[in-house]
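Asker: Structure below; questions to follow.
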Amino acid sequence: MKKRIGLFSALSMFVLLSGCGANTDNAADSSVAVEREESIAASSESVEAVTGASEVTYTDPEELKDSYDVIIIGSGGAGMTAAISAKDAGLNPVIFEKMPVHGGNTMKSSAGMNASATKFQAEQGITDSNELFYNETLAGGKNTNDPELLHYLVDNSASAIDWLDTMGITLNNITVTGGMSVNRTHRPSDGSAVGQYLVKGLYANVMEREIPLFVNSEVKEVVVTDDKASGVKVDFNNEGEITVSSDAVIIATGGFGADLEMVTELAPQLEGYVTTNQPGSTGDGIKMAQAIGAAVVDMDQIQIHPTVHQESSYLITEAIRGEGAILVNQQGERFVNEMETRDNVSAAINALEEGYAYLIFDAGVKDRVKAVNTYIEKGFVQSDETIEALAGQLGMDGATLAQTLTSWNETVASQVDGAFNRQTALNNPLATAPYYAIQIAPGIHHTMGGLKINSNAQVISTEDTVIEGLYAAGEVTGGVHGSNRIGGNAVADIIVFGRQAGVQSASYVQSKE
């Protein structure tokens, strides 16, 4: 019987150590520490809610071995996918996670996973193709995406959906996100947020394969021997670095959206924005790889998401718009094609004098997007039985908002949006009481830049050569999304390239035997 350390003891240990390490003489540092602990606590609540606290266990540090076939840094969607793929290919992998809980930013993902020409699309009569998916993603990325990486993402998206399905992770509820012309955003059957469902399923498969997953284990350095990745230096619970050897290393540490200093250094125009990122997204993997000669791309390309609840920094899923919601300004009027790409919708909101907008939707949207229940529980949502009464709560003119809704429902009926040329998510009128509103504004969401990789998920050096034994997947990499990410493509990215990193690292390790 393997010894395991439970979620709550791991979390308690982390909070205790964080408190001991705080600099009480520095008010700013203390404030950051409090914010970090509150965010960690929120993350642990999400893990408990989706998995059941009694079921979440992590490997005891006493079980650490001197070496493994492959070391995976990070336990988000990309990291767990890579570990599962490496294990299934015959390797002995290990996962190191610096936070006290697993899941990373994947836990906060909401919209779904984009994939083209899938079996679920075929079953539902949705016509799609890899070529269309590629072209729309390239257009969304302002034609700056790496073509090799984008082709690999698109061409392997359907098989990734199938792979998840074989493991009990079924994404057969399909919607649409901004910048897409057809429904290709795959969600859980009940329409709930994809992130928690995905993390639960991947974690279960990690545990089923008895892959060791260590938390509170911060990798500080990738070790290189003879120009090849050969292990890592890892610090357990701030007790000092330990060198663990391996034949390959996979970096899956996510982006740097929670390091606001790094964000504003690269994109000064984003100073003052809230971030939707979990506190562990601080760019560690990028910095570690750069220290051993890795190249980076697109580092200044940082996405803001248009619909973020500002007081909580909580992302409001794009699926609400995908299921029919509209955006209105403080005057109760539409001002943008709600299904435009994220950068364009964000720019339209920022151009408003008030700097914020409201998502307006009805009971039908609420029923189709289960995440709304979470927003209600958190106090983000205002509602009323009539649209005029809801307008009163929002400080709007009731007649204006009512006319906006009437005009919108006429648009749905005619399938022609003469005002803003919206062409998707026109399937359902907003006509079923009660009516709902959420105030939103843009927030820092995704860092498109990161480590330069090829389609084998191998990290490329500043000399434009492969760093042997070093792989990367997910938001830690750059090039896939170009200068703007389409909603639903991040989950596709972590699964497609997570699988590739696991498979290719296995091939590399086994070739050395």
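For the sequence shown, the numbering used here gives the first residue as 3, with consecutive numbering after it. The beta carbon of each residue, even a glycine, is placed where N, CA and C say it ideally should be.
(1) Tell me whether E340 is buried or exposed, calling it buried when 16 or more other Cβ atoms sit within 10 Å of its Cβ.
(2) Could you tell me the distance, in whole angstroms, from the CA atom of G203 to the CA atom of I171?
(3) Express the C-alpha separation of R186 and I283 in angstroms, rounding to a whole number.
(4) What first and last residue would you give for the alpha helix (DSSP H) that runs through S409?
(5) Which term fits G420, buried or exposed, when burial requires 16 or more other beta carbons within 10 angstroms of its beta carbon?
(6) Quick check on the burial criterion: 16 or more other C-beta atoms within 10 angstroms. Buried or exposed for Q305?
(7) Quick check on DSSP: helix, strand or coil for I73?
(8) Please report the straight-line C-alpha distance between A84 and R344, rounded to a whole angstrom.
(9) Enumerated in chain order, which unbroken segments of the beta strand (DSSP E) with a length of 3 residues or greater are wholly contained in the region 57 to 133?
(10) Looking at the unbroken alpha helix (DSSP H) that takes in K454, where does it start and where does it end?
(11) Looking only at its chain, what residues have a beta carbon closer than 7 Å to the beta carbon of N411, apart from the 5 residues adjacent to it on each side?
(12) Runs of 3 residues minimum, wholly inside the region 159 to 192: which ones carry the beta strand (DSSP E) assignment?
(13) Grab the span of the alpha helix (DSSP H) containing I497 for me, first residue to last.
(14) Pick helix, strand or coil for K368, following the three-state DSSP scheme.
(15) Nearest-angstrom Cα distance between L215 and T255?
(16) Taking the alpha helix (DSSP H) that D386 falls in, what are its first and last residues?
(17) Counting beta carbon pairs with one atom in the region 508 to 515 and one in the region 240 to 253, are three or more of them shorter than 8 Å?
(18) Is it buried or exposed, R370, if we count other Cβ atoms within 10 angstroms and call 16 or more buried?
(19) Which residues bound the beta strand (DSSP E) around P444?
(20) To the nearest angstrom, report how far apart I328 and A401 are at their CA atoms.
(21) Can you say whether S191 is buried or exposed, counting buried as having 16 or more other CB atoms within 10 angstroms of its CB?
(22) Going by DSSP in three states, F216 sits in which element: helix, strand or coil?
(23) Specify the secondary structure class of V347 as computed by DSSP and reduced to three states.
(24) Using 8 Å as the Cβ pair cut-off and three pairs as the minimum, do the region 88 to 100 and the region 290 to 304 touch?
(25) Just how far apart, CA to CA, sit F258 and Q333?
(26) Answer yes if the region 224 to 231 comes into contact with the region 107 to 116, meaning at least three C-beta pairs across the two stretches below 8 Å, and no otherwise.
(27) If I follow the unbroken alpha helix (DSSP H) through Y199, where does it start and stop?
(28) On the DSSP bridge assignment, give the partners of I328 in chain order.
(29) CB-CB under 6 Å to Q384, same chain, minus the five flanking residues each way: which ones, in chain order?
(30) I'd like the span of the beta strand (DSSP E) that includes D249, first residue to last.
(31) Would you mind reading off the limits of the beta strand (DSSP E) that contains Q271?
Answerer: This is what the structure gives:
(1) buried
(2) 6 Å
(3) What sits at residue 283 in the sequence shown is Ser, not Ile. So the two alpha carbons sit approximately 27 Å from each other.
(4) Under the DSSP assignment, S409 falls in the alpha helix (DSSP H) whose first and last residues are 400 to 416.
(5) exposed
(6) buried
(7) strand
(8) Taking the straight line joining both Cα atoms gives about 29 Å.
(9) 59 to 61, 69 to 75, 95 to 98
(10) Neither: K454 is in no alpha helix (DSSP H) and is coded neither H nor E.
(11) P431, L432, A433
(12) 175 to 177, 187 to 189
(13) 491 to 513
(14) Residue state, collapsed to three classes: helix.
(15) Looking at the two C-alpha atoms, the distance is approximately 14 Å.
(16) Note, D386: premise wrong, no alpha helix (DSSP H); beta strand (DSSP E) at 383 to 386.
(17) yes
(18) In this structure R370 is buried. Its beta-carbon is surrounded by 16 or more other beta-carbon atoms within 10 angstroms.
(19) 437 to 449
(20) One C-alpha to the other measures close to 17 Å.
(21) exposed
(22) strand
(23) helix
(24) no
(25) 36 Å
(26) no
(27) 196 to 210
(28) I362
(29) Q395, A439
(30) Boundaries of the beta strand (DSSP E) harbouring D249: 243 to 253, taken from the DSSP string.
(31) Note, Q271: premise wrong, no beta strand (DSSP E); not H, not E.
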